[in-house]
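Some notes on the structure that comes next.
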Amino acid sequence: MAAVATAYPRSLVTSLVRESVEARRARILAGDVSSSSVDDIARDVLERLGTIERPSLRRVVNATGVVVHTNLGRSVLAPQAVEAVNDVARGYSTLEYDCATRKRGSRHDHYERLVCRITGAEAAIAVNNNAAAVMMVLQTFAQGHDAIISRGEQVEIGGSFRIPDIMELTGAHMVEVGTTNKTHEFDYERALTPDCAMFVKVHPSNYRMTGFTEGVDVGRLRAIADSEIKRRKDACNDRPLLVYLDLGSGAIASIGNGDAREMTVMEALKQGADLVSFSCDKLLGGPQAGIIVGKKGLIDRLKKSPLARVLRLDKMTLAALEATLRLYLDDEHAYQDIPTVRMLTEDVEVVRGRAERLRDEMLRRIPKDAASVEVVPEVSRAGGGALPMYDIPTYACAITFDRGSAQKCFEYLVSERRVPVIARINADRLIFDARTLLDDDEISLAAVAVGEYFAVGEDAVQSAGGKNDGRRAVSHEVA
Ligand SMILES: *Cc1c(COP(=O)(O)O)cnc(C)c1O
C-alpha cells in the first residue's frame, strides 16, 4: 500500500482502503465469517484502482463486420472531421460569432449552406440526433392536431424509441390508417379531416416486410396533400397540411443496390416531402446529430422553437458535422475519406487483401500446434438499422482452435485487452471480418492480441472466471 500511495493520490488510496474495509465489515455483519487478510484488502484496493484508472469510454477494434455498429459508436469520423474537432476544442472558436459582420453569428451558419448545396433543400436545422428531430417536427407542427400514419410504419427503432410513444409525448393526435401489411391511398384520404396537420411517413430502417404488402410513397402522399390543400383553400381553411418523412439513415452517397438500396435525402425531397429528417452518424458517416431539411418557412419555425435550444449541438459536433458535409461536395472524397462510406462501398478484393495480411500476421504469432487460420468469404452488414437485406460480400480470417477455444479467446480479446478486439464466434471458430478493420495498425493489434492469448491468455481468462459474462453479448447485438 505504501508504494501504491506514492504512485496515486494519497486521498484516493485512503478512500478506497476505507471502502474495501467497509465492504468486508458489511460481509461479516451479514454472517460471512470466512477469514480475510490484509493482503486480501490490498488486492481489492488494487482492483478498485484499476477500474477507476481505466477509461470507461475507450477505443476498440471492430472486427464484427457490422459497419455502423450502434454498440461500438456507429460512424468513424473522417480525419478531416477529427482535425476540425481538435481545432475548436482546444481554443476559442467562431461558434456564434460572424467574422464578416463582426457581430453575433448563428450556430446554424456552420452547416446549413452545405446541407442545402448537397441535398438541394431550401433550408436545414441540425439537432442532437434524429430521435430529437422527429420529436421536434411533431411537437412544432402537429401538437394538438391530427397526424396520420400507416399501421405498417408504427415502428420501434431501438433504445425504447417507438413512434406511437413519441407522438403521444409531443401531443400530436395519432391517426392510424391501413393494416400491418397494406396501406392504400384511400386509407389516407378517408382519414383526412379539416384539422389534420401532417402525413407522417417513417422509413422502415431496420426491417423489411415482404410478400403481400403495399404502402403509399412520398410522391403519392404529396398528391393527396395537394388536393386537400386546394380543398381547404376553397373552404377558407388555412390549416397547413405537411408531408413529413423520417428517413432514418440519411444516405447522401448511393449505397446498396436493387431493392436493398437506401433512398437518398435528395430523392426524398424530390418526391415532394415538405420535411425530411435523418441521422448524421448512420450512413452519412458523421458525428451523432439529426438534420431536418425542407421548406425555409418551416425550418425557420423550427429554429424559433424552444426545443431548438434544448436540442442544440455543441461546438465539437458542429465542427465534425461541417467537415464531414464538406467532403460530400466532391463525390470522390466522400467515398474515400469518410470511413463509413468507404467501408460500405469498398471493393471486396481490397478487403481480401486486408484479410490476408491479418492471416499472415496471426500465423506468425500463433504457435504451430495451437490453431489454424484461413481466409474465408463472409457477409458484412451495414448496421445502424440500415439496409437490413443488403448482404455485403467480404473476407474474414477464421481461427479454428486446437488449444483453448473460440469462446475463451473471444472473452480474452474483449475483457482483458487495453484495446479490446471484438470479433464474432461462428460454429466454434473466431471470425475477424476485415471490412471493418480500419488500417494496418488495427490488423497488428488484432494479431498481437490473439498471439498473446496463446502465450498468456488462457490462464488469464481462467483467473478472470465468469465475471465478464455481461460483455459477451456486444458483438452479437446489432444496432
Ligand atoms: C435511427 C432512426 C431514428 C433515430 O435516429 P438517431 O439519430 O439514432 O436518434 C429515427 N427514425 C428512424 C427511421 C431511424 O432509422
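Its first residue numbered 14, the sequence shown is counted upward by one per residue in this note's numbering.
Every residue gets a Cβ at the ideal spot worked out from N, C-alpha and C, and that includes glycine.
Should residue i be counted as a contact of ligand 1 given a C-beta to heavy atom distance under 8 Å?
i	result
His82	no
Ile170	yes
Phe199	no
Cys129	no
Val215	yes
Ala399	yes
Asn194	no
Ser428	no
Ala145	yes
Lys295	yes
Gln284	no
Leu90	no
Asp259	yes
Ser262	yes
Phe174	yes
Gly165	no
Gly299	no
Gly303	yes
Asn270	no
Asn514	Given that the chain is displayed from residue 14 to residue 492, the structure contains no residue 514 and the question cannot be resolved.
For residue i, which residues in the same chain have their Cβ closer than 8 Å to its Cβ, ignoring the five residues on either side in sequence?
i	result
Ile560	It is not possible to answer for residue 560, since the shown part of the chain is limited to 14 through 492.
Cys129	Glu135, Ala136, Ala137 and Val306
Asp382	Asp415 and Arg416
Arg251	First, the amino acid is wrong: residue 251 is Asp here, not Arg. Arg245, listed in sequence order.
Ala486	Bear in mind that the predicted position of Ala486 carries a pLDDT of just 34, short of 50, making it unreliable; the figure below should be weighed with that in mind. Correct list: empty, nothing qualifies.
Within the continuous beta strand (DSSP E) that includes residue i, where are the two ends?
i	result
Lys214	Met211 to Val215
Pro11	No information on residue 11 is available, as it lies outside the stretch 14 to 492 that the chain covers here.
Glu189	His186 to Val190
Arg394	Ala384 to Gly396
Asp259	Leu255 to Gly261
Glu169	Glu169 to Gly171
Ile179	No beta strand (DSSP E) contains Ile179, which is instead part of the alpha helix (DSSP H) from Ile176 to Thr183.
Report buried or exposed for residue i, applying the criterion of at least 16 other Cβ atoms within 10 angstroms of its Cβ.
i	result
Ala336	buried
Gly157	exposed
Ile162	buried
Tyr425	buried
Asn75	buried
Leu400	buried
Val469	exposed
Leu205	buried
Glu241	buried
Pro92	exposed
Lys243	exposed
Ile179	buried
Ser290	buried
Arg117	exposed
Gly479	Its pLDDT being 40, under 50, Gly479 is placed unreliably in this model, and the coordinates cannot settle the point.
Leu357	buried
Ser141	Per the sequence presented here, residue 141 reads as Asn, with Ser not at that position. Buried is the call here.
Arg124	Note on identity: in this sequence residue 124 is Tyr, with Arg being the wrong assignment. By the neighbour-count rule (16 or more Cβ atoms within 10 Å), Tyr124 is buried.
Ala248	exposed
Name the two residues that bound the continuous alpha helix (DSSP H) containing residue i.
i	result
Asp122	Premise fails: Asp122 is in no alpha helix (DSSP H) and is neither H nor E.
Glu241	Val231 to Asp247
Arg448	It is not in any alpha helix (DSSP H) - Arg448 carries neither H nor E in the DSSP assignment.
Val148	A small fix is needed here, since residue 148 is Met in this sequence, not Val. Segment Asn143 to Ala155, the alpha helix (DSSP H) holding Met148.
Glu32	Arg23 to Leu42
Ser428	Ala419 to Ser428
Arg437	Segment Arg437 to Asn439 is the beta strand (DSSP E) holding Arg437; no alpha helix (DSSP H) there.
Phe199	Glu198 to Ala204
Ser457	Asp453 to Glu465
What residues in its chain sit with their C-beta under 6 Å from that of residue i, if we drop five residues either side in the sequence?
i	result
Asp441	Ala419
Gly387	The sequence given here has Glu at residue 387, not Gly. Within the same chain, Glu387 has close Cβ partners Ala411.
Glu369	Val388
Arg108	The question names Arg, but residue 108 in the sequence shown is Leu. Closer than 6 Å at Cβ, skipping near neighbours: Lys328.
His489	Low local confidence applies: a pLDDT of 34 at His489 is under 50, so the model's placement there is unreliable, with the coordinate-based value given in what follows. Answer for His489: no residue qualifies.
Arg430	Ala462
Glu465	none
Please list, in chain order, all residues of the same chain as residue i whose beta carbon is under 7 Å from its beta carbon, the five residues on each side excluded.
i	result
Thr27	none
Thr493	Limits of the chain in this structure are 14 at one end and 492 at the other, which puts residue 493 out of reach.
Arg484	Since pLDDT at Arg484 reaches only 34, below the 50 mark, its modelled position is unreliable, and the value read off the structure follows with that caveat. Answer for Arg484: Val427 and Ser428, listed in chain order.
Asp230	Gln284
Lys309	Glu135 and Ala136
Taking Cβ positions only, does residue i come closer than 9 Å to chain C?
i	result
Pro433	In the structure shown, chain C cannot be found, because there is only a single protein chain.
Given 8 Å as the limit, tell me if residue i has its C-beta closer than that to any heavy atom belonging to ligand 2.
i	result
Ile438	As for ligand 2, it is missing from this structure, which binds only ligand 1.
Three or more beta-carbon pairs under 8 Å between the segment 234-241 and the segment 250-259, yes or no? yes
Take every Cβ of the segment 264-273, pair it with every Cβ of the segment 92-108, and state whether three or more of those distances are shorter than 8 Å. no
Cβ contact check for the segment 325-334 and the segment 298-305: 3 or more pairs under 8 Å: yes
Would you be able to state if there are at least three C-beta pairs under 8 Å between the segment 282-301 and the segment 51-66? no
The segment 220-228 / the segment 170-179 touching (three or more Cβ pairs under 8 Å): no
Please confirm if the segment 189-203 is in contact with the segment 139-158, defined as three or more CB-CB distances below 8 Å between the two stretches. no
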